[in-house]
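Note that the sequence shown covers residues 5 to 114 in my numbering. The beta carbon of each residue, even a glycine, is placed where N, CA and C say it ideally should be. Accompanying notes for the structure given below.
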Amino acid sequence: MLSFVDDPAVALAEAYRVLEPDGTLVVAILDRASPVGQIYQEHKDESPFYADAEFLTADEASTSLESAGFEIETRVQTIFEDPSELEPAAVDVREGHGDGLFAVSRATPL
Numbered sequence: 005m006l007s008f009v010d011d012p013a014v015a016l017a018e019a020y021r022v023l024e025p026d027g028t029l030v031v032a033i034l035d036r037a038s039p040v041g042q043i044y045q046e047h048k049d050e051s052p053f054y055a056d057a058e059f060l061t062a063d064e065a066s067t068s069l070e071s072a073g074f075e076i077e078t079r080v081q082t083i084f085e086d087p088s089e090l091e092p093a094a095v096d097v098r099e100g101h102g103d104g105l106f107a108v109s110r111a112t113p114l
């Protein structure tokens, strides 16, 4: 979860260094651009879980991945409403980014 590391650039550089050439890196972020992400970011200091999180946009995460030498293969997102109101079996996963609280990218080294 890239949103919880101290220095995303250092973490991605290390992932690139240790990943096999045909390996895959999966990175998740708390998407600041999503409606739920905006609400959570506004109140993050009230939560012991999110207080130290760095909410990013999927575009920022993509730029960081590409700068570290990765090519993004796939993007998906999930959690489109307040998580406290979700039924576990009702969690939807969709392609893309910008609508879901969690954005996940699958990337491979160039």
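For residue j and residue i, the rounded distance between their alpha carbons
i: E64; j: A93; result: 30 Å
i: T78; j: P113; result: 13 Å
i: L29; j: F106; result: 16 Å
i: A32; j: S51; result: 19 Å
i: V22; j: A72; result: 12 Å
i: S38; j: E24; result: 33 Å
i: D26; j: E70; result: 16 Å
i: E46; j: A19; result: 30 Å
Where residue i sits in the DSSP three-state scheme
i: F106; result: strand
i: V80; result: strand
i: A111; result: strand
i: E75; result: strand
i: A55; result: coil
i: E85; result: coil
i: L69; result: helix
Close Cβ partners of residue i (< 8 Å) along its chain, the five nearest in sequence each way excluded
i: L90; result: I83
i: V40; result: I83, F84, E85, D86, P87, G104 and L105
Same chain only: Cβ atoms within 6 Å of residue i, ignoring 5 sequence neighbours per side
i: P12; result: L6 and S68
Neighbourhood of residue i by C-beta distance below 7 Å, restricted to the same chain and skipping five residues each side
i: V9; result: A15
i: E75; result: A111, T112 and L114
Run of the alpha helix (DSSP H) containing residue i, from where it starts to where it stops
i: L29; result: Here L29 belongs to no alpha helix (DSSP H); instead the beta strand (DSSP E) covers L29 to L34.
Supposed contact pair residue j and residue i - C-beta distance, whole angstroms, cut 8 Å
i: D35; j: G102; result: 7 Å
Contact test: residue i Cβ vs the ligand PLP heavy atom, cutoff 6 Å
i: T112; result: The ligand PLP is not part of the structure shown, which contains no ligands of any sort.
Run of the beta strand (DSSP E) containing residue i, from where it starts to where it stops
i: E99; result: V97 to E99
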